[in-house]
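Here the structure comes first, spelled out in structure tokens, and everything after it is commentary.
Numbering (my numbering), first residue to last: 342 to 443.
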């Protein structure tokens, strides 16, 4: 059966997510993680860059081409229960981006 839509528009994270790559590769449902402490947030990734090195490995070679990857854009969908009201009001639903090279 298909898990709940991850884009139902209500801002709440679904109970499971489906890996969108269904091209013969391993695809599996996995539980949505919980927020472990008040310093963390759960980000629903909407778009992500593919690392060129990952593509090169899949093609059987590896080099460094300088093509960026691993950057992402998403939305804050959950905060820890202990986060204060002001933080929740300011951050829940906010669009965010990240770059692992920072």
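For every residue, glycine included, the Cβ atom is placed at its ideal position computed from N, Cα and C.
For the beta strand (DSSP E) holding residue 416, just list the boundary residues, first then last. Along the chain shown, one-based indexing puts residue 416 at 75. Residue 416 -> beta strand (DSSP E) spans 413-420.
On a CA-only basis, which of 395, 420, 422, 414 is nearest residue 436? Give me that one, please. Your numbering for residue 436 matches position 95 in the chain shown. Of the candidates 395, 420, 422, 414, the one whose C-alpha sits nearest the C-alpha of residue 436 is 414.
Quick one: what does DSSP say residue 376 is sitting in, helix, strand or coil? Working through the chain shown from its first residue, we reach residue 376 at position 35. In this structure, DSSP gives residue 376 a state outside helix and strand, which the three-state scheme calls coil.
Please classify residue 440: is it buried, with 16 or more other beta-carbons within 10 angstroms of its beta-carbon, or exposed? Translated into the one-based positions of the chain shown, residue 440 becomes position 99. Exposed: under 16 other Cβ atoms inside 10 Å.
Taking all protein chains shown into account, decide if residue 389 is buried (16 or more other Cβ within 10 angstroms of its Cβ) or exposed. Taking the first residue of the chain shown as position 1, residue 389 is located at position 48. By the 10 Å Cβ count, residue 389 comes out exposed.
Where does residue 391 sit, in a helix, a strand or coil, going by DSSP? Residue 391 sits at position 50 when you count from the first residue of the chain shown. Three-state DSSP puts residue 391 in coil, outside helix and strand.
Need the endpoints of the beta strand (DSSP E) that residue 436 sits in, please. Here the question's residue 436 lines up with position 95 in the chain shown. 436-439 is the span of the beta strand (DSSP E), which, as asked, contains residue 436.
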